[in-house]
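Undergrad: Here it is, the structure, as structure tokens.
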């Protein structure tokens, strides 16, 4: 299989973008709270996190097997020490905020 110059250049750019995304994901993301404050780890003051979600289960809805109706929370796990922060309100990554 042979590629012309344009195709090779396109493949090179695509692979560079992919590697940049992987590097950013490995390093973690910076986040700001709904009121615009930079979020840092309460334990080690690092500012890079992995974002996740968790259900805030209640006994009543769990008893009725309606867990999917429970509220959710955003969790940010520190990339340095692993401390988990819980947020009931919206949390936005700095990268998302800069593209707006």
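Residue numbers (my numbering): 672 to 771. Ideal Cβ placement from N, Cα and C applies to all residues, glycine included. Remember, predicted model here, so these are calculated numbers, not experimental data.
(1) Excluding five sequence neighbours on each side, which residues of the same chain lie with their C-beta closer than 8 Å to the C-beta of residue 715?
(2) Give me the Cβ distance between residue 724 and residue 745, rounded to the nearest whole Å; I'm assuming they're in contact under 8 Å.
(3) Buried or exposed for residue 689, please, with buried defined as at least 16 other CB atoms from any protein chain shown within 10 angstroms of its CB.
(4) Can you list, in chain order, the residues of its chain whose CB lies under 7 Å from that of residue 759, leaving out five sequence neighbours each side?
(5) For a test of the three-state rule: what should DSSP assign to residue 764, helix, strand or coil?
(6) Are the Cβ atoms of residue 721 and residue 701 separated by less than 8 Å?
(7) Once you ignore the five residues that flank residue 766 on each side, which residues in its own chain have a CB closer than 7 Å to its CB?
(8) Starting from the Cα of residue 713, find the closest Cα among 747, 677 and 674 and give me that residue.
(9) So, helix, strand or coil for residue 690, using DSSP?
TA: In short, the structure shows the following:
(1) In the chain shown, residue 715 corresponds to position 44, counting from 1. The residues are 749, 751, 752 and 754.
(2) By one-based count along the chain shown, residue 724 stands at place 53. By one-based count along the chain shown, residue 745 stands at place 74. Indeed, because the Cβ distance is near 6 Å, the residues count as touching under 8 Å.
(3) For the purposes of this step, residue 689 is taken as residue 18 along the chain shown, with counting starting at 1. The residue is exposed, with fewer than 16 neighbouring Cβ atoms inside 10 Å.
(4) If you number the chain shown from 1, residue 759 lands on position 88. The residues are 744.
(5) The residue you call residue 764 lines up with position 93 of the chain shown. The answer is strand: DSSP assigns residue 764 an E or B state.
(6) By 1-based counting over the chain shown, the position of residue 721 is 50. By 1-based counting over the chain shown, the position of residue 701 is 30. A distance of 8 Å or more separates the beta carbons of residue 721 and residue 701.
(7) Start at 1 with the first residue of the chain shown, and residue 766 comes out as number 95. The beta carbon of residue 766 is closer than 7 Å to those of 700 in its chain, skipping five residues each way along the sequence.
(8) As a working mapping, residue 713 is identified with position 42 in the chain shown. Nearest neighbour of residue 713 by Cα position, chosen from 747, 677 and 674, turns out to be 747.
(9) Taking the chain shown and counting its residues from 1, the one referred to as residue 690 is at position 19. In the structure shown, residue 690 sits in a helix (DSSP, three-state: H, G or I).
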